[in-house]
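Visitor: Here's a structure for you.
2 protein chains.
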Amino acid sequence: MDLLKPSPANSSPLTPLGLLERAATVYGDCTSIIYNKTTYTWSQTNRRCLQLASSLKSMGIQRGDVVSVLSPNLPAMYELHFAVPMSGAILNAINTRLDARTFSVILHHSESKLIFCFWWKKINPKRGFCRSLVLEAISLFPSEVKPPVLILIMDDDVHPIATVGDFNLDLTYERLVSIGDPDFKWVRPNSEWDPMVLNCTSGTTSAPKGAVNLCPVYLWTLSMFHSNGWSFPWGMAAVGGINICLRKFDAASVHSLIHQHNVTHMCGAPIVLIMLANNPSKEPLPNPVKILTSGASPPSPVLFQIESLGFMVSHGYGLTETNGCVLSCAWKHEWNKFPATERAKLKARQGTRTIGTTKVDVLDPESGASVECDGSSVGEIVLRGASIFLGYFKDPVSTARSLKEDGWFYTGDLGVMHPDGYIEIKDRSKDVIISGGENISSVEVETVLYSHQAINEAAVVARPDEFWGETPCAFVSLKLGIVRPSENDIIEFCRSRLPHYMVPKTIVFQESLPKTSTGKIKKFELKNEAKKLGFRY
Amino acid sequence: MDLLKPSPANSSPLTPLGLLERAATVYGDCTSIIYNKTTYTWSQTNRRCLQLASSLKSMGIQRGDVVSVLSPNLPAMYELHFAVPMSGAILNAINTRLDARTFSVILHHSESKLIFCFWWKKINPKRGFCRSLVLEAISLFPSEVKPPVLILIMDDDVHPIATVGDFNLDLTYERLVSIGDPDFKWVRPNSEWDPMVLNCTSGTTSAPKGAVNLCPVYLWTLSMFHSNGWSFPWGMAAVGGINICLRKFDAASVHSLIHQHNVTHMCGAPIVLIMLANNPSKEPLPNPVKILTSGASPPSPVLFQIESLGFMVSHGYGLTETNGCVLSCAWKHEWNKFPATERAKLKARQGTRTIGTTKVDVLDPESGASVECDGSSVGEIVLRGASIFLGYFKDPVSTARSLKEDGWFYTGDLGVMHPDGYIEIKDRSKDVIISGGENISSVEVETVLYSHQAINEAAVVARPDEFWGETPCAFVSLKLGIVRPSENDIIEFCRSRLPHYMVPKTIVFQESLPKTSTGKIKKFELKNEAKKLGFRY
C-alpha cells in the first residue's frame, strides 16, 4: 500500500469557492440574492464574482494579500465573500459598528492592500458612519504607511453626488465588476491551509485580535462580517438557496420580510430571538422558520416564547476561531414528549460535535484529563477539526496558548459534559466568579434572572468582597410597562432558586446593558463598573 | 500570514469513521440495523464495532494490514465497514459471486491477513457458495504462502453444526465481538491518504484489478461489496438512519420490505429498476421512495415505468475508483414542466459534479483540450477531487495511465458536455464501434432498442465487417408473453429512429444476456460471441 501516493487528481484541496460555479450550473436560473428591488440569479452571481475577482487581479492583488470590506448585508457584501478569495486574496470583513481608531488599527495591522467600503451616495449625517469612519481611520495611519486603495460600494436607492472627500469616485464597486473578465480562471488554494479569511473576534472581553433543504430562503439577520456570517455565504451556494439581504436588523422588517419572501431559514444570537419575541408587531408565522442561534445560551423563557410564534430553534456553538458551528444541540425525537420547560432546558445546551468536527472534550483545568460525564464537573471545552483556525495573526503567544502541543484548541469556555455526551457551557473562563472558594457560573445565575418576569436583560459579574473574595453582582434592565421590583425582590427571587452562595449580593438597575456590535453584553465594562462599586463589606 | 502553520488541532484528517461515535451520541436509542428479527440501535452498533476493532487489534492486525470480507448484506457486513478500518486495517469487501480462482487471486494479491466469511451453519449444498468457495480458494494458494486466518460469520436463523472442513469453529464473528473492549480507542488515520478500503473493480471489460433527510430508512438492495455500497454505510451513520439488510435481491421481497418498514431510500443499478418495474407483484408505493441509480444510463422507458409506481429516481455516476457518486443529475425545478419522455431523457444524463468533487471535464482524445459544450462532441470524462482513489494496488502502469501528470483522473468513459454543463456518457471507450470511420456509441443504439416494446435487455457490440471494418451487432432478450419480433422487425424499428450507419446489421436473440455479479451486462463476452459470428459480408 505504501507505493500508492497522493497525486494531483486525488489531492485537490477542498474549498467552498467551487460551490458557486456548481450553483451556476445546477441552479443557474434560480434566484440567488434579493435586496429591495434588486434580484440576481446564481448564473449572474457567479459571473459577477468572476468579473470582480479578475478586476482585483488586474489591479495587482496577489495571492495572500488582505482585502478588507466594511459593509452592511448588501448583495456586494455577499459577492465579496466569493470574489476576494477567488482572486487569491484574503477577505477581512470588518464590523461596521467599530470606532475609527479600532478600524484604523485593524486596517494597518492586517496590512490591507484594498478596502471596499459602503458609501451613501447622498450624505446622510446620521447614517454616514462609513464615510466619516473611513476618512478618520485613514487619517490615523502612521505617516510612513501607504494607505490602502479605497473602493466604494454605492447604495442603490439614492442619486450619486459629485465628490466625496478627496477620493476618486470613478473607482466604484460596480465599475470594477463591469470591467472584469467573466472567463477569469479563479485562483484555487494551494493547500487546505491557505488562508481564505481573516477575522477579528468580537471582543467581549478584550481589544480585537485577528483571528440542506432544497431551495431554502435565507434571511440575512446575521451580519456577514460576524465570523463571515457563520460560513453561511458559502453554504447557501452549496444548496442554491435564495439570500434575502437586510441592511440592518429590526424586528418589524424581519417579520414583514418573512411573510413577503416565505423565508425558511435564518440565524442570530439569542438577542435576536429576544427582539423578535418582544416586538409588538409579532404574529404567528404562516410557515415554520428554522432559526439557528449561537453565541450564548438562549435563556429558556426566550426559547419558549419564540417557539410559540412558530420559529423552530436549533442551538449551536462556534467561535470566530472555528469558522461556524462546531457543536450543535442535535435534537432527538424522544425529547418531544417532555414538557416545554424541560425541552427548553435540553435545547439550551450547546450539544455535540457537528459531522465536520473531529473531536470535542471538556478537560479538567488542573489535571488536563477529561471531566466526568456527570453534567456538573466543570472544565474547559477543547476542540479538534479541520475547520479550526490557523492561529492569531501576528500573535504567536496567543496562538500557542490556544493551539496547544497536545493537539487541542482551547476555547476558553467552561462547560460540563452531560451523561448523554452533550456539552453545556457554564461560562467563559474569564467570567467565573470565585466566592469563598466556590466557583460560580455567571451564566447559571443569569438564567435564573431571565426567568423573572420583569427582567429584560441580565449580566452577572464578580464584585470584590472583603470577606468572600468575590460575590456575584447582577446588572439588569427591566421590561417596559411593568411594576419595578426592588433590589431585595430580585435577591429573594434568586434565593428561592439558587444555592445561597450563588445569589447576587448586589443588584444594579440600568436602562439597558452595554453591548458589543454583535449583540453580546460587554461583561468587561460591567466588571469595571462592579470594581468601581468598591469592596462589599 | 506565512507564520501561521498547520497544527494538530486544525489538521485532523477527515474520516467517515467518526460518524459512528457521533451517531451513538445523537441517535443512540434509534434503530441502526434491521435484519429479519434482529435489530440494533446506534449505541449497540458503535459498541459492537469498537469491540470488534479491539479484537482485531488483539489478534495482531496492524495499521495497513488487509482484512477481506466475503458476505452478503448482513448486519455483520455493515459493522465490518467500520470495525475493520477502526482497527487501522484496510477493508477489502469481495464480491461473493466470483469464482474460487478469482477469489484466491484476490486474497493472495491483497496479502490479506484475515478473512471474514459468511458461513451457513446448516450446510446447504445449493446455497453453500461461500463454504466451497473459501475451501477451494485457499487450496489454490501457492504452497509457500501462509493462508490467512478465517473467521466465520454465522447465519442467524439455523442451528450450529459441529465442524466445517478443517476450520476451528470457535473463532466466530460473534465471539470476536463479545470478547472485545467497548472502550477501545479506535485507530485514526495519520493522513487523508491513509488507505481505508481496497476494492476490486467489477470487471465488465477485463480481469479484476485492485482498485440528508432526517431518519431515512435505507433498504440495502445494493451489495455492500459493490464499491463499499457506494459509501452509504458511512453516510447512514452521518444521518442516523435505519439500515434494512437484505441478503439477496429479489423484486418481491423488496416490494414487501418497502411496505413493512416504510423504506424511504435505496440504491441500485438500472437492472434493479428494470426488475422492480417488471415484477408481477408490483403495486404503487404507499409513500415515495427515493432511489439512486448509477453504473449505466437508465433507459428512458424504464425510468418512465418505475416513476409511475412512485419511485423518485436520482441518477448519479461513479466508479470504483471514485468511492461513490462524483456526478449527479441534480434536478432542476423547471424541468418538471416538460413531458415525461423529455424528463426521462434529461434524467438519463450523468449530470454535474457533486459538492464534494473539485472538477470534471470532457477532454478531446486528440488535442487534450475541453470539448465544445454542444452535447455532441465526444471526449473522455476526467475528474479531480478528494474522493478519487490513490491508485491501482501493485499496478503502477495502470495507475500512471489513469492518474496522469496533468492532474486528471481519466475514467475511460466517453461522453459529451451539454450546453447546460451537464455531462452525458456515450460509451466506455473500449465499447465504441467504429464503422466506416464513424464512431458509433453502443449506448445510443441500446437506448433505441430499449424503447421497443418487446425487448427486455439489449447490448450492442462491434462485429467485424469486410466492408465497414465494424458494424453494430445487437444482442437482445425478449419480454415474456409478447409476440416475438423478427430480426428484420427490429432493424426496421431502429432504421426509423437512428442514422443509417448506427442501425444494427445483426440481431442475436438470447434468453437472457450474460451479466456480471453487479448486474452489468458482460460486453466483453458478447464481443467475443460477435467475433465468432465471423466477418459480415
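Just so you know, the sequences run in chain order A and B.
Residue 1 is where the first sequence starts when you use UniProt numbering, and the numbers rise one by one after that.
Residue 1 is where the second sequence starts when you use UniProt numbering, and the numbers rise one by one after that.
We treat Cβ as the ideally placed atom computed from N, Cα and C, and that holds for glycine.
Note that the structure is a prediction, hence the values are computed from the model and not measured.
1) For chain B, is any of its Cβ atoms less than 8 Å away from the one on Ala207(A)?
2) Find the residues of chain B that neighbour Asp250(A), judging by a C-beta separation of less than 7 Å, and give them in chain order.
3) Pull up the distance between the alpha-carbon of Thr172(A) and that of Gly229(A), whole angstroms please.
4) Hey, how far is the Cα of Ser11(B) from the Cα of Arg353(A)?
5) Under 6 Å Cβ to Cβ from Gly324(A), same chain only, skipping five residues before and after it: list those, please.
6) So which residues on chain A does Ser7(B) lean against when the C-beta distance must stay under 7 Å?
7) Mind listing, in chain order, the continuous alpha helix (DSSP H) runs of no fewer than 4 residues lying wholly within the stretch 204-271 of chain B?
8) Using CA atoms only, rank isn't needed, just tell me which of Lys57(A), His226(A), Ser112(A) and Met275(A) is closest to Gly180(A).
9) So which of Pro280(B), Pro365(B), Val145(B) and Ala93(B) has the shortest CA-CA distance to Leu480(B)?
10) Helix or strand or just coil, what does DSSP make of Ala93(B)?
11) What does Asn10(A) reach in chain B if we use C-beta pairs closer than 9 Å?
12) Looking at the structure shown, is Gly436(B) part of a helix, part of a strand, or coil, going by DSSP?
13) Express the C-alpha separation of Arg495(B) and Leu449(B) in angstroms, rounding to a whole number.
14) Reducing DSSP to helix, strand and coil, say where Leu498(A) ends up.
15) Are the beta-carbon atoms belonging to Leu133(B) and Ala83(B) less than 8 Å from one another?
16) Cβ of Lys332(A) less than 8 Å from any chain B Cβ?
17) I'd like the ranges of any alpha helix (DSSP H) spanning at least 4 consecutive residues and lying wholly in the stretch 437-489 of chain B.
18) Confirm, please, whether the CB-CB distance from Leu303(A) to Lys347(A) is below 8 Å.
19) Alpha carbon to alpha carbon, what distance is there between Ala296(B) and Leu257(B)?
20) Pull up the DSSP beta-bridge partners for Gly385(A), would you.
21) For Phe535(B), count neighbouring Cβ atoms within 10 angstroms of its own Cβ and tell me buried if that reaches 16, exposed if not.
22) Nearest-angstrom Cα distance between Val313(A) and Pro288(A)?
23) Taking the continuous beta strand (DSSP E) assigned at Pro119(A), which residues delimit it?
24) Checking contacts by CB at 8 Å: is Val67(B) closer than that to chain A?
25) Can you tell me whether Val67(B) is buried or exposed? The criterion is at least 16 other CB atoms within 10 Å of its CB, across all chains shown.
26) Answer with yes or no whether the minimum CB distance from Asp99(B) to chain A is below 8 Å.
27) Between which residues of its own chain and Met266(B) is the CB-CB distance below 6 Å, once the five residues before and five after are set aside?
28) State buried or exposed for Asn95(B), treating a residue as buried only when at least 16 other CB atoms are found within 10 Å of its CB.
29) Got a sec, what are the start and stop residues for the beta strand (DSSP E) Lys337(A) sits in?
30) Check the Cβ of Leu14(A) against every Cβ in chain D and list those closer than 7 Å, keeping chain order.
31) Can you tell me the Cα-Cα spacing of Lys332(A) and Ile423(A), whole angstroms?
32) With a threshold of 7 Å on Cβ separation, who are the neighbours of Arg48(A) within its own chain once the five nearest residues in sequence on each side are excluded?
33) Going along chain A in order, which residues have a C-beta closer than 8 Å to the C-beta of Ile355(B)?
34) Less than 8 Å separating the beta-carbons of Glu366(B) and Ser429(B)?
35) Classify His259(A): buried if its beta carbon has 16 or more other beta carbons within 10 angstroms, exposed otherwise.
36) Do the CB positions of Gly356(A) and Ala386(A) come within less than 8 Å of each other?
Guide: So, from the data block:
1) Since pLDDT at Ala207(A) reaches only 39, below the 50 mark, its modelled position is unreliable, and no value is offered.
2) What Asp250(A) touches in chain B: nothing, since even the nearest Cβ is about 32 Å away.
3) Each residue's alpha carbon lies about 24 Å from the other.
4) A straight-line Cα-Cα distance of about 16 Å links Ser11(B) and Arg353(A).
5) For Gly324(A), where only same-chain residues beyond five positions count, the Cβ hits under 6 Å are Trp230, Ser231 and Gly318.
6) In chain order, Leu403 make up the part of chain A whose C-beta sits under 7 Å from the C-beta of Ser7(B).
7) Segments of the alpha helix (DSSP H) lying fully in the stretch 204-271 of chain B: 227-230, 232-239 and 251-261.
8) When Lys57(A), His226(A), Ser112(A) and Met275(A) are compared, the shortest CA-CA separation from Gly180(A) is found for Lys57(A).
9) Cα-wise, what sits closest to Leu480(B) is Pro280(B).
10) The answer is strand: DSSP assigns Ala93(B) an E or B state.
11) Within chain B, the residues whose beta carbon sits less than 9 Å from that of Asn10(A) are Trp193, Arg384, Gly385, Ala386, Ser387, Ile388, Phe389, Leu390, Gly391, Leu403 and Phe409, listed in sequence order.
12) DSSP, read as helix, strand or coil, puts Gly436(B) in coil.
13) Rounded to the nearest whole angstrom, the CA to CA distance from Leu449(B) to Arg495(B) is 11 Å.
14) Correct three-state label for Leu498(A): coil.
15) Taking the C-beta atoms as reference points, Ala83(B) is found no nearer than 8 Å to Leu133(B).
16) The Cβ of Lys332(A) sits closer than 8 Å to at least one Cβ of chain B.
17) Taken in chain order, the complete alpha helix (DSSP H) segments of 4 or more residues contained in the stretch 437-489 of chain B are 442-450.
18) Going by C-beta atoms, Lys347(A) is nearer than 8 Å to Leu303(A).
19) Answer to the nearest angstrom: the Cα atoms are 26 Å apart.
20) Gly385(A) has Thr357(A) as its beta-bridge partners, per DSSP.
21) Label assigned to Phe535(B): exposed.
22) Their Cα atoms are separated by approximately 10 Å.
23) Here residue 119(A) is Trp; the residue named in the question, Pro, does not match the sequence. If you look at Trp119(A), you'll find it in the beta strand (DSSP E) that goes Ser112 to Trp119.
24) For Val67(B), the answer is no, since every Cβ of chain A falls outside 8 Å of its Cβ.
25) So Val67(B) counts as buried.
26) No, Asp99(B) lies away from the interface with chain A (no Cβ there is under 8 Å from its Cβ).
27) Correct list, in chain order: Leu219, Thr221 and Ile291.
28) Result: buried.
29) Lys337(A) -> no beta strand (DSSP E), and no H or E assigned at all.
30) Of the chains in the structure shown, none is chain D; the protein chains are A and B.
31) When only Cα atoms are considered, Lys332(A) and Ile423(A) end up about 15 Å apart.
32) Excluding sequence neighbours, Arg48(A) sits near Glu79 and Val177.
33) In chain order: Leu19, Arg22 and Ala238.
34) Judged by beta-carbon spacing, Ser429(B) lies beyond the 8 Å limit of Glu366(B), meaning their Cβ atoms are not closer than that value.
35) In the assembly as shown, His259(A) is an exposed residue. Its beta-carbon has fewer than 16 other beta-carbons within 10 Å.
36) Against a cut-off of 8 Å, the Cβ pair of Ala386(A) and Gly356(A) comes out as a contact.
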